[in-house]
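In the working numbering, the protein residues as written are 2 to 595. Worksheet for the structure shown next.
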Ligand code: XMP
C-alpha cells in the first residue's frame, strides 16, 4: 500500500537485487520454505538491514569490475547476519573482501556438475557430485583471505566458497532454479542451519492481516476497483469487501467485446455471489469494434485498445462520483509488478492502462490507492483466494491478456498465396516474435506433416534458426483444401471474425476441460488467422504452451485422440478452412500472435 503498513511482517531474509532476472525466483523459493523474505535494492545501506537474519545477494548481468555495476554497501559484511552470494552475488562478495574476479576464458551456460570439496553447513546432507545450473562468464579466481573453496566444476574452479565463522557463503551456480538438483535443500540449509530462521510464513494466514491493513489505509473512505475477472483483481476486491463491507466497495467491469465466450456472464455471476449492488458492467463493445475497424498492425491495435480503455475508465470516473474524496482506487497489483521490487518492463507496460488515465493519476498523487496484494506472488494470491473460499474455477484460470481476443485475431491487408519452399510452405501471415532481444514481425512456415510426427518440435526449432525470413513454424493438423490452394484474405477485427474465434476458443476450452488437458498446460491461446479459401476464409491456430511466468515458453504436444477430436470439431465450424498447430517455442516466437 502507499504507506508502510503498521501490521506488515518483518522479513527475516532480504534479497538484494543486482538486476538479475532470478531475484524474484530466489525470494519465492525462500517463502516456499516458510520464511518471509523481501527484495531490496542492492545498494541498501547496512543500517537499514540491521536485525535481519540473512542477506542473499542475487545474480545479475553486470561485471563487478565495471564502472556503474550494481554494488552493495560493504558494511553489510560486518553485520551479525549470514550472507549468501549467488552468481554475481558470489563475485561481489569476493571482490569486496579482497578476492579476485576475472572474465573466464569461456562462458558456462546450462547444466554442469559440482564436486564439493569441503564440509560446510550449506552442503549438509548434499555433498558429493551433483547437477547444477550455471549462467556466467566472469568467475572468482582467488578467494578472500580466510575463505575456503567449497566446490568446483570442470570449467569453474571456485563454484562455491565460504567462511564458516563469519557465516558468509557464495555459489556461482543458481540454487533457485529447478535444474539445480539439490538447490532447494541448499537454500533450506542456508535458512535454517546457517541463519537460524524460523518458519513464519504461510500465505493462507495473510487474509486477516491484509484486511486490517485495508481498514487502516482506507480510513473512513470507500474503495472502487476496475475488475477484469482475473485472479488478482478478484482476490484483491474480495479482501476489501471483507474488510469494509458491501456498502463501501464497488467493482466496475468494462465489456470491450474482446472477451471470450461467456466471460461477462462468468464475471457477473462471481461478483453477484460476493454481494449485492457491488458490481456494474460498462458495455463498450461498439466503441472498441469501430475503433479497430481496418487496423492491421499489432502495435497499433494495442495502442487503440489501451487509449480507448483509458477513455472509458475516465468517462466512468467523471460520470460517477468516484473522483470525490470519499473514494480510493483499489488495484490488484502483485509483488513482481511493484516498482520497489524491480518490477519487469512487461509489468509496467501492462499497468500503463490504469496509470495513464488522468483521473487515476490524480488519485495516486493524492495517496488514494489501495493495493492489498502488493507483497504477494501469484501462487500466494491463489492460496489467499482459496482461504477466502473463492471458487476453484476462478483461481485456476489460465492467464488471459488484457487486450483480450484482439491480439488473437490476426489481420492482413492483401490477398497472397502460400509459396512452396524446400522445407515447407511459406504462409504470408505475419505474426510477432522475439528474436535476439528484439521484436520481429514475419511470415510463418507451414509444415504439411501432422503435429504428431516424431521430432517435429526439434525440426521446427532448427528451421527457424536456419531460415532468416520467418519467426514461427506451424504444422497442418487438418484442412478442407490442399495447402497449395490457401491464400491470405483482406481481414481485420470484425464482429463476424470475433464470433468465429469465440466459438473456436470455447470449443477448445470445453474439450480441454473435459479431458483434463487444461491442467497440463500453462496457457492455451486459440488464434484466428485470415488464411483459407473464398468459401472458408479463416483458419484456427492451436497454441498450447508450458511456461513458468510467460517470459519463456515451450510449445507442447497434445494427446492424439484429443487433437483429432478438436481438429474435426473446428473444421465443422462455419468459415474455418484449416487447423494449424504452432510448434514454436518462446523465443523465437511470442506466446500471442497479435
Ligand atoms: P507474449 O505474447 O509476449 O505473452 O509471449 C507473454 C504472456 O503475457 C500475456 N500477455 C498479456 N497480459 N496484458 C496482460 O495482462 C497484456 O497486454 C498482455 N500481452 C500478453 C500473454 O497472454 C502471455 O501469457
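Glycine included, each C-beta is placed from N, C-alpha and C at the ideal position. Being a predicted model, the structure only gives us computed values, none of them experimental.
Original post:
For residue 608, which residues from the same chain have a beta carbon less than 6 Å from its beta carbon, with the 5 sequence-adjacent residues on both sides left out?
Top reply: Here the chain has residues from 2 to 595 only, and residue 608 is not among them.
Original post:
How should residue 200 be labelled, buried or exposed, when 16 other C-beta atoms within 10 angstroms of its C-beta is the threshold for buried?
Top reply: As a working note, residue 200 is residue 199 in the chain shown. Looking at its Cβ environment, which holds fewer than 16 other Cβ atoms inside 10 Å, residue 200 is exposed.
Original post:
ligand 1 heavy atoms versus the CB of residue 339: any closer than 7 Å?
Top reply: Working through the chain shown from its first residue, we reach residue 339 at position 338. No, Cβ of residue 339 sits at least 7 Å from all heavy atoms of ligand 1.
**OP:** Enumerate in chain order the residues of its own chain whose CB-to-CB distance from residue 406 is below 8 Å, with the five nearest sequence positions on each side excluded.
**Re:** For the purposes of this step, residue 406 is identified with residue 405 of the chain shown, where counting begins at 1. Excluding residues within five positions, the ones whose Cβ falls inside 8 Å are 259, 260, 261, 499, 502, 503, 506.
Subject >> Cβ contact (3+ pairs, closer than 8 Å) linking the stretch 578-592 and the stretch 544-557 >> reply: yes
**OP:** Could you pull the start and end residues of the beta strand (DSSP E) that residue 37 belongs to?
**Re:** Locating residue 37 in the chain shown gives position 36, counting from the first residue. That residue, residue 37, is in no beta strand (DSSP E); it is neither H nor E in DSSP.
**OP:** Under the assumption that residue 446 contacts residue 479 (Cβ atoms under 8 Å), give the Cβ distance between them as a whole number of angstroms.
**Re:** One-based indexing of the chain shown puts residue 446 at position 445. One-based indexing of the chain shown puts residue 479 at position 478. No, residue 446 and residue 479 are not in contact; Cβ-Cβ is about 18 Å, not under 8 Å.
Original post:
With distances taken between CB atoms, is the gap from residue 450 to residue 476 smaller than 8 Å?
Top reply: The sequence position of residue 450 within the chain shown is 449, counting from 1. The sequence position of residue 476 within the chain shown is 475, counting from 1. Yes, the Cβ-Cβ distance between residue 450 and residue 476 is below 8 Å.
Original post:
Is residue 332 near ligand 1, in the sense that its beta carbon is under 7 Å from a heavy atom of that ligand?
Top reply: Here residue 332 is taken as the residue at index 331 of the chain shown, counted from 1. Not so, every heavy atom of ligand 1 lies at least 7 Å from the Cβ.
**OP:** Would you mind sorting residue 216 into buried or exposed? The rule is 16 or more other CB atoms within 10 Å of its CB.
**Re:** One-based indexing of the chain shown puts residue 216 at position 215. Residue 216 should be labelled exposed.
Subject >> Unbroken beta strand (DSSP E) run spanning residue 243, endpoints >> reply: Sequence index remark: in the chain shown, residue 243 carries index 242 (1-based). Element bounds for residue 243: not the beta strand (DSSP E) but the alpha helix (DSSP H), 232-245.
Original post:
On the three-state DSSP scale, how would you describe residue 59?
Top reply: By 1-based counting over the chain shown, the position of residue 59 is 58. Coil at residue 59, not helix or strand.
Subject >> Three or more C-beta pairs below 8 Å linking the stretch 61-73 and the stretch 212-226 >> reply: no
Original post:
Along the chain, which unbroken stretches of the beta strand (DSSP E) at least 3 residues long are found entirely within the stretch 461-527?
Top reply: Listed in chain order, the complete beta strand (DSSP E) runs (minimum 3 residues) inside the stretch 461-527 are 473-480.
Subject >> Buried versus exposed call for residue 233 [16 or more other C-beta atoms within 10 Å across all chains shown] >> reply: For this step, residue 233 is matched to residue 232 along the chain shown. Buried.
Subject >> Alpha-carbon spacing of residue 536 relative to residue 511, whole angstroms >> reply: To locate residue 536, count along the chain shown from 1; it is residue 535. To locate residue 511, count along the chain shown from 1; it is residue 510. Going from the Cα of residue 536 to the Cα of residue 511 covers about 27 Å.
**OP:** Check the C-beta distance from residue 411 over to residue 419 and give it rounded, since I have them as a contact under 8 Å.
**Re:** On the chain shown, position 410 is the one that residue 411 refers to. On the chain shown, position 418 is the one that residue 419 refers to. With a Cβ gap of about 15 Å, residue 411 and residue 419 do not count as contacting.
Original post:
Are the CB atoms of residue 169 and residue 149 nearer to each other than 8 Å?
Top reply: As a first step, residue 169 is located in the chain shown; it is residue number 168 there, counting from the start. As a first step, residue 149 is located in the chain shown; it is residue number 148 there, counting from the start. No, the Cβ-Cβ distance between residue 169 and residue 149 is not below 8 Å.
Original post:
Of all residues in the structure, which have a C-beta closer than 6 Å to any heavy atom of ligand 1, taken in chain order?
Top reply: 351, 400, 402, 403, 404, 524, 551, 587, 591, 592, 593
**OP:** List the endpoints of the continuous beta strand (DSSP E) containing residue 253.
**Re:** Here residue 253 refers to the residue found at position 252 of the chain shown. 250-256 is the span of the beta strand (DSSP E), which, as asked, contains residue 253.
Subject >> For residue 53 and residue 82, believed in contact at Cβ under 8 Å, the rounded distance >> reply: Taking the first residue of the chain shown as position 1, residue 82 is located at position 81. Taking the first residue of the chain shown as position 1, residue 53 is located at position 52. With 8 Å as the limit, residue 82 and residue 53 qualify as a contact, their Cβ atoms being about 6 Å apart.
Subject >> CA-to-CA distance, residue 333 to residue 108, given in whole angstroms >> reply: The residue given as residue 108 occupies position 107 in the chain shown. The residue given as residue 333 occupies position 332 in the chain shown. Distance between the alpha carbons of residue 108 and residue 333 is about 40 Å.
Original post:
Between which two residues does the beta strand (DSSP E) containing residue 443 stretch?
Top reply: In the chain shown, residue 443 corresponds to position 442, counting from 1. Residue 443 -> beta strand (DSSP E) spans 439-448.
**OP:** Return the CA-CA distance between residue 399 and residue 578, expressed in angstroms with no decimal places.
**Re:** Here residue 399 refers to the residue found at position 398 when the chain shown is read from its first residue. Here residue 578 refers to the residue found at position 577 when the chain shown is read from its first residue. Approximately 27 Å between the Cα atoms of the pair.
Original post:
Quick one: what's got a C-beta closer than 6 Å to residue 365's C-beta in the same chain, skipping five residues either side?
Top reply: As a first step, residue 365 must be located in the chain shown, where it is residue number 364. Nothing meets the Cβ criterion.
Subject >> Contacting residues, own chain, Cβ-Cβ under 6 Å from residue 299 (five flanking each side not counted) >> reply: Numbered from 1 along the chain shown, position 298 holds the residue referred to as residue 299. Only 433, 595 meet the Cβ criterion.
Subject >> Bridge partners - residue 169, DSSP secondary structure assignment >> reply: Counted from its first residue, the chain shown places residue 169 at position 168. For residue 169, which the question treats as bridged, DSSP gives the partners 84, 164.
Subject >> Reduced DSSP category for residue 431 - H, G, I as helix; E, B as strand; rest coil >> reply: Here the question's residue 431 lines up with position 430 in the chain shown. Three-state DSSP puts residue 431 in a strand.
Original post:
Assuming residue 113 and residue 154 make a contact with CB atoms under 8 Å, what is their CB distance in whole Å?
Top reply: Position 112 of the chain shown, counting from 1, holds the residue named residue 113. Position 153 of the chain shown, counting from 1, holds the residue named residue 154. Indeed they touch by this definition, with Cβ atoms about 5 Å apart.
**OP:** Identify whether residue 567 lies in helix, strand or coil by the three-state DSSP scheme.
**Re:** Position 566 of the chain shown, counted from the first residue, corresponds to residue 567. In this structure, residue 567 counts as helix in the three-state DSSP scheme.
Original post:
Quick one: Cα of residue 5 to Cα of residue 241, how far?
Top reply: Within the chain shown, the letter at position 4 stands for residue 5. Within the chain shown, the letter at position 240 stands for residue 241. Residue confidence for residue 5 is low, a pLDDT of 39 falling below 50, so the modelled location carries little weight; the figure read from the coordinates is stated next. Approximately 18 Å between the Cα atoms of the pair.
Original post:
Quick one: what's got a C-beta closer than 6 Å to residue 110's C-beta in the same chain, skipping five residues either side?
Top reply: Looking up residue 110 in the chain shown gives position 109. 136, listed in sequence order.
Original post:
Which residue or residues does DSSP assign as beta-bridge partners of residue 590?
Top reply: If you number the chain shown from 1, residue 590 lands on position 589. Its beta-bridge partners are 434.
Subject >> Element boundaries [beta strand (DSSP E), containing residue 110] >> reply: The residue labelled residue 110 in the question sits at position 109 within the chain shown. Its beta strand (DSSP E) spans residues 101-117.
Subject >> Neighbourhood of residue 569 by C-beta, 8 Å cutoff - its chain only, sequence neighbours within 5 removed >> reply: Looking up residue 569 in the chain shown gives position 568. Once the five neighbours on either side are set aside, the close Cβ partners of residue 569 are 479.
Original post:
Looking at the structure shown, is residue 366 part of a helix, part of a strand, or coil, going by DSSP?
Top reply: Here the question's residue 366 lines up with position 365 in the chain shown. Three-state result, residue 366: helix.
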